[in-house]
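Once you know that position 13 of the sequence shown is 12 in numbering that gives the first Met the number 0, the rest is easy, because the numbers rise by one and skip nothing.
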Amino acid sequence: MDPLEELRRLCLAQPDVTERLSHGEPTWFVKGKKTFVMFADHHHDDRLAFWCAAPPGTQEELVAQDPACFFRPPYVGHRGWLGVYLDVEVDWAEVGELVADAYRTVRYGAP
Numbered sequence: 000m001d002p003l004e005e006l007r008r009l010c011l012a013q014p015d016v017t018e019r020l021s022h023g024e025p026t027w028f029v030k031g032k033k034t035f036v037m038f039a040d041h042h043h044d045d046r047l048a049f050w051c052a053a054p055p056g057t058q059e060e061l062v063a064q065d066p067a068c069f070f071r072p073p074y075v076g077h078r079g080w081l082g083v084y085l086d087v088e089v090d091w092a093e094v095g096e097l098v099a100d101a102y103r104t105v106r107y108g109a110p
């Protein structure tokens with residue numbers, strides 16, 4: 000499975016989502032304006048990953064629970080965004096939940 004294609008499928012399954020390049024990487028927007036997921040193809044290091052908006056506390060919880068799969072991304076990590084590695088064994092059901100949470104967080108605001 001191609002991680003970019005699977006991530007793209009999950010992102011575009013959300014309502015009113017568009018994709019375009021931002022900072023040289025595929026990025027998904029709610030209503031063409033607000034970013035909720037950014038692909039990171041070795042963008043700032045040697046890892047394949049994506050960055051996504053996350054509800055408050057999610058980043059800290061998941062990074063502490065499983066730092067081999069999750070990280071605090073540069074530039075947006077201070078805002079609570081979550082980094083998810085795609086060059087490890089990926090639980091795509093969990094990624095789907097994270098993408099849906101990211102979408103809701105950006106579209107409707109943090110719970």
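Glycine included, C-beta positions come from ideal geometry on N, C-alpha and C.
Given the structure is predicted, the values throughout are model-derived calculations rather than measurements.
- Val98 sits close to Cys51, with the two beta carbons spaced by under 9 Å.
- Counting other Cβ atoms within 10 Å of its Cβ, Gly56 stays below 16 and is therefore classed as exposed.
- Close CB contacts of Leu9 within its chain, under the 6 Å cut and outside five residues either way in sequence, are with Gly95, Val98 (chain order).
- Within the stretch 3-44, the runs of beta strand (DSSP E) at least 3 residues long that lie entirely inside it are, in chain order, 16-21, 24-29, 33-40.
- Under the three-state reduction of DSSP, Leu61 is assigned to helix.
- Here DSSP, grouped into helix, strand and coil, assigns Trp80 to coil.
- Leaving aside the five residues that flank Ser21 on each side, none in its chain has a CB nearer than 6 Å to its CB.
- Closest by C-alpha distance to Ala53, out of Asp90, Asp40, Phe69, Val87, is Phe69.
- Note that the C-beta distance between Phe28 and Phe38 is not below 9 Å.
- Per DSSP, reduced to three states, the secondary structure at Leu97 is helical.
- In this structure, Leu81 sits away from Asp40, with a CB-CB distance that is not shorter than 9 Å.
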